[in-house]
Structure formats: C-alpha cells, structure tokens
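In the working numbering, the protein residues as written are 233 to 350.
The next block holds one structure in the form of structure tokens; read it before the comments.
Below you can see the structure in the form of structure tokens.
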C-alpha cells in the first residue's frame, strides 16, 4: 500500500479551509451598491451613445469602448488615440480626437446627480 505524501495531506487541509471560509461568507447580507458600480442617470447625449437612461460608470465605459472598436475609431498608428465621430463629439466636449486616458474624465459631467445627492 502506498502512503500518501505530506503534500497531499496539506492540499486536503487547504481545500477544507477554503471551502469552510467560502461557505461562511455566503451567509452575509448583500452589500449596498456604491461608487462606480451604482447605476446613475445619464445625460441625453450619453443615453444616445450607450442606449440606456441609467447605467453604472463601469458599464458605460465598456459600451463606449465597444462602440469605438465596432466603428474602428482608434487611430491605426496610435491605438491610444480615438478619432471621434458625431456621437462621440457630443459626449467628449466637441473634441475631434481624445486620448484613451481622457475618457474617464470626459464622461464625468454626463452622470447626473439624483435629488438625494444634491
């Protein structure tokens, strides 16, 4: 009969510990959605671009990038530069080109504050 190695016993202990910890965490109440994950109302210009009146910031960025890639709006020589079409110009303050790192700053004014935040 072959003896189990010490490492297999350690592996079993790790697995049972992970399973135990994972099960105990699932009984906690769900957290309230906050920050960039919280859906917020967007401006009419942003709504035309993303297709929804209310959306989380993370989802807006995903949809903007999908729109950019679907319409081949990245500069072929420098992929960090986006050539704006008419829809993007409305959202990006009328600029013809924006750098990819500017997008997060340029979309901020398009998230409207709710009455409870005012």
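Even for Gly, the Cβ is constructed at its ideal location relative to N, Cα and C.
None of the values given here were measured: they were computed from a predicted structure.
- Between the segment 281 to 293 and the segment 302 to 312 there are fewer than three C-beta pairs closer than 8 Å, too few to call the two in contact.
- Under the DSSP assignment, residue 306 falls outside any alpha helix (DSSP H); it carries neither an H nor an E label.
- Distance from residue 344 to residue 274 at the Cβ level is roughly 7 Å; contact confirmed, criterion being Cβ atoms closer than 8 Å.
- Relative to the Cα of residue 325, the nearest Cα in the group 297, 268, 316 belongs to 316.
- Counting the other CB atoms within 10 Å of its CB gives residue 269 a total below 16, which places it among the exposed residues.
- Annotation: residue 278 to residue 259 spans about 38 Å, alpha carbon to alpha carbon.
- The C-beta separation of residue 271 from residue 288 comes to about 5 Å, placing the pair in contact by the 8 Å criterion.
- In the DSSP assignment, residue 277 falls within the unbroken alpha helix (DSSP H) covering 276 to 282.
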